[in-house]
Amino acid sequence: MEIIILHAPGIEKALEKELDKLGLTINDKSRGRIIVDTDLEGLYKAHIYLRTAERILLKMGTWKCHNFDQLFDGIKELNWSLAIDNTWNIKIDKVRSYRSEIKSSPITQKTAHKAILEALNCTEKTNNRKPANIRLYWDKDELLVGLDLTGDGLHKRGYREEAGKAPLRETLAAAMIIYSGWQPGYPIHDPFCGSGTILIEAALMDLNIAPGIKKTFTFEQMNFHEEDLWKKVKREARLQAKRELTSPLSGGDNYDKVLDTARLNAKKAGIGDQILFYKEDATKGEADFDEGYIITNPPYGERLQDKQKAEDLYRSLSQWNESYPSWRKVIITNNEKLEKLYNQQAHIKRYIQYGSLDVTLYQFN
């Protein structure tokens, strides 16, 4: 089978490293999507282990689709019974069209929806049915159809019920860590730790805790699901987890309430008090170790309605070159002037689409 792995544009290289580690073969790539060839065990492992993926779909089919007749006939012929039957509530969740004759519109969704209902011989949607979400992607009149396997997004690990004003998504935090080159055993400090997401994601990596181990997924109710194999994959993941960190992880913030939230989230993640959170002025910190990583998501200004204040803060962060001279710094922001304000040219810059924001990940070695 083939699965479609959705991700934030710009973090695909981090995701590809994860896929390679899992032994999953990439068949095709496009903006925000990677198509992988796998078996059922690989599908299960992708859901449990991937840290940077947002969602996984079952690839139902792809074909040239220029008009609504081709859309209806093609979708009706797909093997929907592999995964679902007429007890599911069918929903066309998203339609994306790029350089194609058919556009995203109510009639597009209605045509696709009707075709699936006829294929499954089911009536119109009713309440209290399991949701089956389908996504349609057109690119140069080539249609790709995917059935959602995930349910709640993979970024929802289950530990962050408490968040700050502008929380960093867990999948992006994981990508920042992977891109940094950090390995367990080395210190990480986040001077703008907020709800603790970067440090908690690093701790999960250090402890080899699979990020999806506590989640339930839509595929668990689908026709192809094998419960014994699923239990085996989860059992193996639990056995690989460790209890004690090998890396000194610490985070600072100006506000006691924010730090309390970070501590609570760490406990919910199963890390307890192994991450050190403390009150700190980010511009006046000093290194406790000769080498390490600063990985952080400082205030954007636009995000917190205070751009000038954010830029003044970025200027003051240049003191890190003296207080953390041998540390690598990884900073994410939407401010294109960071290098000038920080008074140093980044060794690597990565452009990432983060929700409605276009941000840049700056790496200073």
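Numbering (the working numbering), first residue to last: 22 to 386.
Every residue gets a Cβ at the ideal spot worked out from N, C-alpha and C, and that includes glycine.
In the structure shown, residue 281 adopts helical secondary structure according to DSSP, grouped into three states. Residue 102 sits away from residue 116, with the two beta carbons spaced by 8 Å or more. Shown here, residue 134 sits in a helix according to DSSP, grouped into three states. Secondary structure note for residue 342: its alpha helix (DSSP H) is the uninterrupted segment 341-344. Using a C-beta cut-off of 8 Å, the segment 237-244 makes no contact with the segment 208-216, since fewer than three inter-stretch Cβ pairs fall below that distance.
Comparing alpha-carbon positions, the option among 272, 38, 161, 277 lying closest to residue 309 turns out to be 272. The residue from 209, 229, 84, 200 with its alpha-carbon nearest to that of residue 158 is 84. If you draw a straight line from the Cα of residue 59 to the Cα of residue 25, it is about 11 Å long. Here residue 127 carries a helix assignment [DSSP, helix/strand/coil]. In the three-state scheme derived from DSSP, where H, G and I count as helix and E and B as strand, residue 178 is classed as coil. By the 16-neighbour rule on beta-carbons within 10 angstroms, residue 292 is buried. Within the segment 254-300, the complete beta strand (DSSP E) runs of at least 3 residues fall at 270-274, 297-300. A distance below 6 Å between beta-carbons, with the five flanking residues on each side excluded, links residue 339 to the following residues of its chain, in chain order: 363, 364. About 24 Å separates the CB atoms of residue 169 and residue 218; that is not less than 8 Å, and the two are not in contact.
The C-beta of residue 248 has fewer than 16 other C-beta atoms within 10 Å across all chains shown, which makes the residue exposed.
For residue 254 and residue 305, the gap between their C-alpha atoms comes out near 46 Å. With three or more CB-CB distances shorter than 8 Å, the segment 191-201 counts as touching the segment 68-79. Just so you know, the alpha carbons of residue 295 and residue 270 end up roughly 8 Å apart. Bounds of the beta strand (DSSP E) holding residue 385 are 378-385. The three-state secondary structure of residue 90, taken from DSSP, is helix.
Residue 315 is a Cβ neighbour of residue 345, given a cutoff of 8 Å. Going by DSSP, residue 321 is part of no beta strand (DSSP E) at all; its letter is neither H nor E.
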